[in-house]
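A short worksheet on the structure shown next.
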Amino acid sequence: MDDRDVGNFVFNTVKGLRFGWDSVLAHSEEIIKILGPRLLIISDPGLSKIGLYKPLVDNLINRGTEVRIFNQVEQDPTLRNLEMAIDSGAGFLATGILGFGGGSPMDVAKLTALVLGSGENIESIWGVNKVKGPRLPLILVPTTAGTGSEVTPVSIITVENREKRGVSSAVIIPDLAILDPSLTMDLPPTITATTGIDAMVHAIEAFTSKNQNNNLLSQNLAVEALALLGNSIVSAVKSPKSDRVSRSNMLYGSMLAGISFANSPVAGVHALAYPLGGKYKVSHGLSNALLLPHLIRFNMHVPATKEAYGKLAGIIFPVLENMDDLDQRVKSFAEEFITLSKHLNLPTRLRELNIPEKACREMAKEAMKQERLLVNNPKTITAADAEKIYKAAW
Numbered sequence: 245m246d247d248r249d250v251g252n253f254v255f256n257t258v259k260g261l262r263f264g265w266d267s268v269l270a271h272s273e274e275i276i277k278i279l280g281p282r283l284l285i286i287s288d289p290g291l292s293k294i295g296l297y298k299p300l301v302d303n304l305i306n307r308g309t310e311v312r313i314f315n316q317v318e319q320d321p322t323l324r325n326l327e328m329a330i331d332s333g334a335g336f337l338a339t340g341i342l343g344f345g346g347g348s349p350m351d352v353a354k355l356t357a358l359v360l361g362s363g364e365n366i367e368s369i370w371g372v373n374k375v376k377g378p379r380l381p382l383i384l385v386p387t388t389a390g391t392g393s394e395v396t397p398v399s400i401i402t403v404e405n406r407e408k409r410g411v412s413s414a415v416i417i418p419d420l421a422i423l424d425p426s427l428t429m430d431l432p433p434t435i436t437a438t439t440g441i442d443a444m445v446h447a448i449e450a451f452t453s454k455n456q457n458n459n460l461l462s463q464n465l466a467v468e469a470l471a472l473l474g475n476s477i478v479s480a481v482k483s484p485k486s487d488r489v490s491r492s493n494m495l496y497g498s499m500l501a502g503i504s505f506a507n508s509p510v511a512g513v514h515a516l517a518y519p520l521g522g523k524y525k526v527s528h529g530l531s532n533a534l535l536l537p538h539l540i541r542f543n544m545h546v547p548a549t550k551e552a553y554g555k556l557a558g559i560i561f562p563v564l565e566n567m568d569d570l571d572q573r574v575k576s577f578a579e580e581f582i583t584l585s586k587h588l589n590l591p592t593r594l595r596e597l598n599i600p601e602k603a604c605r606e607m608a609k610e611a612m613k614q615e616r617l618l619v620n621n622p623k624t625i626t627a628a629d630a631e632k633i634y635k636a637a638w
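Every position in the sequence shown, counted from 1, becomes a number in this note's numbering once 244 is added.
Right, dumping it as C-alpha cells:
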C-alpha cells in the first residue's frame, strides 16, 4: 500500500507531445502551423555535418516555409553564442523557433525564443521565475536521450569565468516537443551512455529533492523513468543500431525524467557537476556520472533520503531488490553506478580526465554559486563538504 500524502503542488509541463519513429516528418504540417512562415532552426555543427535535420528542412521548404538555420551552438553554449542565435533570428524576422539537437541547442532555442518575443535582458532573468515573457512560438526536437530539455523550464548558459547560470521559468517550456527515436540511432556509445546516466540522475534527484514542490506525480514519473532507463541503457550502448526498443525506452525514459525534475527540481549532483563542465569542459552527463555515487553516500545520512535511495536501488538494479540491510543496500546502490560506468567504458575518477586534485577546492567554491540547486539537496552542502565530495571522486 502506498501511504504517501498527495498534498498540494504545482505542476507545469509541455503543451503537446508527439512520440514515435519518424514523427518529425509526420508532424511537419503541425510545425508550420505553430511556428509560422519564417522558421529559425537552432542546432549544432555536428548535426549539420551529418545532415540529420536536412529531411525536415527540405520538407518545410517544399511546403512553402522560409527556413533559416543557425547551426553554430557549442557544447556548453556561452552568452556570446546565445547572442549570435538571437541576432540570426532577429535579422530573419523569425516567427517561430525550432530547437533541434541535444540539451545545448534546445537551451539556446528556449532563450532565443524568449528574447525575440519579449525583448527581455538576459542579465535580469537568471534564477527562478524571473521571466515575464511572452516568447515566440517554440518547438523542441531532442536528438539525445538524456537532457530532457524538451520538456523542462530550464536553460543553462556559460557566462564569464566559465560559470554556468540558469534560467528557470514555465514561460520557456515549449509549445510542442517531438520525440523521434530514429534521430538517436546514430549516437556514439559514449554519448548514449553519458546522456543516459544524466537522465537517471534527473529522476533520482527529482525523487529525493528537498524542494517544497516535490510531489507524488513527479515521484511516480521518476520511478517509471528509472525502470525504463535502468533496463535499457546497457543494450542501447552495446547494440546501438539494432535495438530499436532500447532506443525508444531511453528517449521515453529521458522525457519522463525531464517532466519529473521540471516540477521537483534537481539538486547537489547538478550543482557540483557544473564546475566540471564550465572549468574543464567535461560533458554534463559524464560530470553527473562521476559525482552521483559520492552524493548518494553524502545524502544517505538523511533518514528519509536513505529510505528513498533504498527504494530506487531495486528499481534500477534488480540485484539489490531483496537486500534487507538498508545501509548496505544504499552503499551498494552507489557502488553499482560505478560498476555501470565501468561497464559502459566511462571514466569513474576525475584524475582520469587530467583534473588536478588541487582543483577540488576551487570547484567547491564555484559550486556554492549554484544556490538554486543547492537548496533542493536533502542535506546541506557547505564548501568544505563539496571539496570532500570532489576529492572522493578524484
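A virtual CB, placed ideally from N, CA and C, is assigned to each residue, including glycine.
Using the rule of at least 16 other Cβ atoms within 10 Å of the residue's Cβ for burial, across every protein chain shown, is residue i buried or exposed?
i, result
"M245", "Note on M245: pLDDT 48, under 50, position unreliable in the model; the coordinate value appears next. Its Cβ having fewer than 16 others within 10 Å, M245 is exposed."
"L364", "Strictly speaking, residue 364 in this sequence is Glu, with Leu absent from that position. Under this definition E364 is a buried residue."
"Q456", "exposed"
"I305", "exposed"
"R324", "exposed"
"D640", "This structure cannot settle anything about residue 640, because the visible part of the chain is limited to 245 through 638."
"K550", "buried"
"T452", "buried"
"S483", "exposed"
"T309", "buried"
"N566", "exposed"
"G346", "buried"
"R307", "exposed"
"V250", "exposed"
"A557", "buried"
"E449", "buried"
"N252", "exposed"
"H514", "buried"
"G522", "buried"
"G295", "exposed"
When the Cα atoms are used, what is the spatial distance from residue i to residue j?
i, j, result
"P378", "S527", "31 Å"
"Y518", "I633", "14 Å"
"D419", "A627", "39 Å"
"D331", "G290", "21 Å"
"A389", "A437", "9 Å"
"V317", "D571", "44 Å"
"L382", "L500", "20 Å"
"R595", "E601", "7 Å"
"E610", "S498", "28 Å"
"S479", "S362", "44 Å"
"D442", "G529", "5 Å"
"I416", "A578", "34 Å"
"S531", "L520", "6 Å"
"G343", "A353", "5 Å"
"V212", "H538", "Coverage of the chain is limited to positions 245 through 638, which leaves residue 212 absent and any answer about it impossible."
"N598", "M607", "14 Å"
"I559", "D487", "22 Å"
"I582", "G474", "14 Å"
"I625", "V445", "18 Å"
How is the beta strand (DSSP E) around residue i delimited, first residue to last?
i, result
"V546", "Unbroken run through V546: none, as it is neither H nor E."
"F344", "340–345"
"K408", "408–412"
"A421", "420–423"
"T282", "Looking at the sequence provided, one finds Arg at residue 282 rather than Thr. Unbroken beta strand (DSSP E) run through R282: 282–286."
"L261", "260–263"
"L382", "382–386"
"F314", "310–314"
"I400", "398–402"
From this set, the options, which residue's C-alpha is nearest residue i's C-alpha?
i, options, result
"G440", "Y297, N464, T624, L470", "L470"
"N303", "S272, I401, K485", "S272"
"L423", "R541, T356, F451, D266", "D266"
"N240", "R541, A533, E551", "Only positions 245 to 638 of the chain appear in this structure, which leaves residue 240 out of reach."
"G340", "R312, V317, S498", "R312"
"M612", "L597, A630, G497", "A630"
"L360", "I294, S476, G333", "G333"
"K293", "T592, F314, P562", "F314"
Can you give me the start and stop residues for the alpha helix (DSSP H) that residue i sits inside?
i, result
"R488", "488–507"
"I369", "Neither: I369 is in no alpha helix (DSSP H) and is coded neither H nor E."
"Q456", "It is not in any alpha helix (DSSP H) - Q456 carries neither H nor E in the DSSP assignment."
"P432", "First-last for P432: undefined, no H or E at that position."
"E274", "272–279"
"E579", "570–587"
"S292", "289–294"
"L564", "L564 -> no alpha helix (DSSP H), and no H or E assigned at all."
"R616", "615–618"
*asked:* Could you check whether the stretch 483–493 touches the stretch 418–428, counting it as contact only if at least three pairs of C-beta atoms, one from each stretch, sit closer than 8 Å?
replied: yes
*Could you say if the stretch 502–521 and the stretch 457–469 meet the contact criterion of at least three C-beta pairs nearer than 8 Å?*
yes
*Should the stretch 385–401 be regarded as contacting the stretch 257–271, the criterion being three or more beta carbon pairs within less than 8 Å?*
yes
*Using 8 Å as the Cβ pair cut-off and three pairs as the minimum, do the stretch 364–375 and the stretch 407–416 touch?*
yes
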